[in-house]
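Residues in the sequence shown are numbered consecutively from 1, following UniProt numbering. Before any comments, here is the structure.
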Amino acid sequence: MIFTSCLALAVDEFPSWIEKNFLQTSKVLKMNANLVVAKDGSGDYVTVKEAVGAAPENSPTRFIIYIKQGVYSEIVEIGSSKTNITFVGDGQDSTILTGSLNKKDGVKTFFSATVAVNGDGFVAQDLCFQNTAGPSKSQAVALRVSAERAVIYRCRIDGYQDTLYAFSGSQFYRESYITGTVDFIFGHAPAVFQYCQIVARKPNHGQSNMVTAQNRDTQDQKSGFTLQRCNITASADLSPVKSTVKTYLGRPWGVMSTVVVMESFIDDHIDPAGWYPWDIGKEPSPSIYYGEFGNYGPGANTSERVTWKGFRAIQDPKEAERFTVGQLIHGELWLNTTGVPYETGL
1 MIFTSCLALA VDEFPSWIEK NFLQTSKVLK MNANLVVAKD GSGDYVTVKE
51 AVGAAPENSP TRFIIYIKQG VYSEIVEIGS SKTNITFVGD GQDSTILTGS
101 LNKKDGVKTF FSATVAVNGD GFVAQDLCFQ NTAGPSKSQA VALRVSAERA
151 VIYRCRIDGY QDTLYAFSGS QFYRESYITG TVDFIFGHAP AVFQYCQIVA
201 RKPNHGQSNM VTAQNRDTQD QKSGFTLQRC NITASADLSP VKSTVKTYLG
251 RPWGVMSTVV VMESFIDDHI DPAGWYPWDI GKEPSPSIYY GEFGNYGPGA
301 NTSERVTWKG FRAIQDPKEA ERFTVGQLIH GELWLNTTGV PYETGL
C-alpha cells in the first residue's frame, strides 16, 4: 500500500542540500531509501538498530531508512551525531517499533523509551512507536525526542503513562495518533501538534488521565506545548467508564508550565475543570500559562474551568498567535526542508 502526503513546496524551492527529487511522499522516500530494514531478510538489515548504526555521522544531507512492515521488538537510540535521519514505514498499523521498558521494573523514565532520538533533523513518517508495559507499570515511554527540528508525521505513538517524552528541541507533530493515560504528552520542549488524534485510554483503578505535563521553569526557557486543530477523544475502553474516570487536559509540571489548546475538538470525557494541579489541593504558580482558544465540542466549554491566575480563556487571536508554528517553534525557517505540510498561523 502506498501512502502519500501533501507537498508544501515545489521542487525548486527545496534548499540546495536536499536533492531535487527528494519529495516527501512515502513512495518516493522508499524508492530513494539509503538503507532498507526488513525482518524477512529482503533488505540491507533485519533490525532498525543496525541500520541506524550504519548511517553516516553528522550528515548534512538527509539519510533515509525505509523500515518495511513488521513488528520490530527492539530498543533504538539515534545518537546526537546521527543527524538528518528519516524513518519511513509502511503505515502506522504495519511498521511497529515496540518495547516494554518501564520504571516499575527498575528503568528510569528517561531511559525507558522504545525509540530515543538525539540527532537533530529527525523525521519519522508512517510507522508506530509503542511501549506495551501497560497501565500498571508506571512511567513507560514509547518515544523520546531530544533533538532540534524533529518532525513526526502520520505516526502512531502508543503507551500508557508518559507515552511521549518531548524532552528538548523544537518539535512538530502532524496528523499523528497519540494514546496514553497519565501525563502522556510530557517534557520540556517547544512542540506544536497539528491535526493529531489525542486519545486518552482507561488507566489503572483510582487514577485520573492527564493529557499533558509540560515543564517550563524560567522566563527565558524556550518551551511550551500547543495542540492545534486536534481531536481530543476517549479510547474505546475509556468511553464506557468516562463518567467515573476523570480526564484532564493537563497538569503543570513546572512553575511556568505552558500549554495552549486551540481550534481543537474536545470531547465530553474532559472534566469541566479542564486542568488539574500538580500538588493536590494546591493552586499552581501564577506564572503558568494554560490557555484555550477557539475550541469546540462537548468538552470545550470554559465556563467551569479552573479559576487559577495562570489559566486563560483566550479571546484575542493575537494572543493565541504566540503559540502557533510560526511563533512558538519558528517553523517557517526549517519545516519546509522536510516537505511535511504545516500551517504557520491560526
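Glycine included, every Cβ here is placed at the ideal spot set by N, Cα and C. No experiment lies behind these values; they were computed from the predicted model shown.
Consult DSSP for residue 11 and reduce its assignment to one of helix, strand or coil.
Mapped onto the sequence shown, residue 11 falls at position 11. Any reading at residue 11 must be qualified, since the residue scores a pLDDT of 33, below 50, and its modelled position is unreliable; the value itself is stated next. Correct three-state label for residue 11: helix.
Residue 226: which of 289, 123, 218 sits nearest, CA to CA?
As a first step, residue 226 is located in the sequence shown; it is residue number 226 there, counting from the start. Of the candidates 289, 123, 218, the one whose C-alpha sits nearest the C-alpha of residue 226 is 289.
With DSSP as the reference, label residue 338 as helix, strand or coil.
To locate residue 338, count along the sequence shown from 1; it is residue 338. Coil.
Note the first and the last residue of the continuous beta strand (DSSP E) segment covering residue 146.
To locate residue 146, count along the sequence shown from 1; it is residue 146. 143 to 146 is the span of the beta strand (DSSP E), which, as asked, contains residue 146.
Buried or exposed: residue 26, going by 16 or more other Cβ atoms within 10 Å of its Cβ?
For the purposes of this step, residue 26 is identified with residue 26 of the sequence shown, where counting begins at 1. Buried, by the Cβ-count rule.
Could you check which residue in 180, 218, 174, 260 has the C-alpha nearest to that of residue 165?
For the purposes of this step, residue 165 is taken as the residue at position 165 of the sequence shown. The shortest C-alpha separation from residue 165 is found at 180.
Do you know offhand how far residue 70's Cα is from residue 292's?
One-based indexing of the sequence shown puts residue 70 at position 70. One-based indexing of the sequence shown puts residue 292 at position 292. In a straight line, the C-alpha of residue 70 is about 39 Å away from that of residue 292.
Give me, in chain order, the residues of the same chain whose beta-carbon lies closer than 6 Å to that of residue 329; leave out the 5 immediate sequence neighbours on both sides.
Within the sequence shown, the letter at position 329 stands for residue 329. Around residue 329: 170, 190, 192.
Would you check if the segment 81 to 99 and the segment 128 to 146 touch, i.e. whether three or more CB-CB distances between them fall below 8 Å?
yes
Identified DSSP bridge partners for residue 187:
Position 187 of the sequence shown, counting from 1, holds the residue named residue 187. 166, 214.
Is the CB-CB distance between residue 144 and residue 121 below 7 Å?
Within the sequence shown, residue 144 is the residue found at index 144, counting from 1. Within the sequence shown, residue 121 is the residue found at index 121, counting from 1. Here residue 144 is not near residue 121, since their CB atoms are 7 Å or more apart.
Beta-bridge partners of residue 129, as assigned by DSSP:
The residue labelled residue 129 in the question sits at position 129 within the sequence shown. Paired residue(s): 97, 157.
Could you tell me the alpha carbon to alpha carbon distance between residue 24 and residue 304, rounded to whole angstroms?
Here residue 24 refers to the residue found at position 24 when the sequence shown is read from its first residue. Here residue 304 refers to the residue found at position 304 when the sequence shown is read from its first residue. The predicted model places residue 24 with a pLDDT of 47, which falls under 50 and marks its position as unreliable, so this point remains unresolved.
Which residues bound the beta strand (DSSP E) around residue 46?
If you number the sequence shown from 1, residue 46 lands on position 46. No beta strand (DSSP E) holds residue 46; DSSP gives it neither H nor E.
Could you tell me whether the segment 201 to 217 touches the segment 234 to 254, using the rule of 3 or more Cβ pairs below 8 Å?
Yes: at least three Cβ pairs fall under 8 Å.
Considering residue 347, what are the terminal residues of the beta strand (DSSP E) in which it resides?
Residue 347 is absent from the model: the chain starts at 1 and stops at 346.
Going by DSSP in three states, residue 63 sits in which element: helix, strand or coil?
Looking up residue 63 in the sequence shown gives position 63. Reduced to three states, the DSSP call for residue 63 is strand.
Tell me whether the segment 334 to 345 and the segment 266 to 277 touch, counting them as touching only if at least three CB pairs, one residue from each stretch, are closer than 8 Å.
no
In chain order, each beta strand (DSSP E) run of at least 3 residues that lies wholly inside the segment 264 to 318:
Fully enclosed beta strand (DSSP E) runs of 3 or longer: 289 to 293, 311 to 313.
Quick one: Cα of residue 243 to Cα of residue 196, how far?
As a working mapping, residue 243 is identified with position 243 in the sequence shown. As a working mapping, residue 196 is identified with position 196 in the sequence shown. Computed Cα separation, rounded: 24 Å.
Buried or exposed: residue 236, going by 16 or more other Cβ atoms within 10 Å of its Cβ?
Residue 236 sits at position 236 when you count from the first residue of the sequence shown. It is exposed - the Cβ of residue 236 has fewer than 16 other Cβ atoms within 10 Å.
Whole-angstrom distance between residue 109 and residue 183, CA atom to CA atom:
Here residue 183 refers to the residue found at position 183 of the sequence shown. Here residue 109 refers to the residue found at position 109 of the sequence shown. Their backbone Cα atoms lie some 12 Å apart in a straight line.
Less than 7 Å separating the beta-carbons of residue 178 and residue 152?
One-based indexing of the sequence shown puts residue 178 at position 178. One-based indexing of the sequence shown puts residue 152 at position 152. Contact: no.
Measuring alpha carbon to alpha carbon, tell me which of 230, 247, 231 ends up nearest residue 238.
What you label residue 238 is simply residue 238 of the sequence shown in a count that begins at 1. Looking at the Cα atoms, 247 is the closest of the given residues.
Cut-off 8 Å between Cβ atoms - residues of its own chain near residue 344, not counting five sequence neighbours on either side:
If you number the sequence shown from 1, residue 344 lands on position 344. The residues 324, 325, 326, 331, 332, in chain order, have a CB closer than 8 Å to that of residue 344 in the same chain once the five nearest residues on each side in sequence are set aside.
I'd like to confirm the pairing. Which residues does DSSP put opposite residue 174 in its beta bridges?
The sequence position of residue 174 within the sequence shown is 174, counting from 1. 153, 194.
Keeping to the same chain, check which residues put their C-beta closer than 6 Å to that of residue 34; ignore five residues upstream and five downstream.
Taking the sequence shown and counting its residues from 1, the one referred to as residue 34 is at position 34. Closer than 6 Å at Cβ, skipping near neighbours: 63, 64.
Between the alpha carbons of residue 313 and residue 302, how many angstroms are there, rounded?
In the sequence shown, residue 313 corresponds to position 313, counting from 1. In the sequence shown, residue 302 corresponds to position 302, counting from 1. Roughly 7 Å separates the two Cα atoms.
Using 8 Å for Cβ pairs, my map puts residue 118 next to residue 79. What's the rounded Cβ distance?
Within the sequence shown, the letter at position 118 stands for residue 118. Within the sequence shown, the letter at position 79 stands for residue 79. That belief holds up - the Cβ atoms of residue 118 and residue 79 are roughly 6 Å apart, short of 8 Å.
So what's residue 106 in DSSP terms, helix, strand or just coil?
Here residue 106 is taken as the residue at index 106 of the sequence shown, counted from 1. DSSP, reduced to helix, strand and coil, places residue 106 outside both helices and strands of the structure shown, so it counts as coil.
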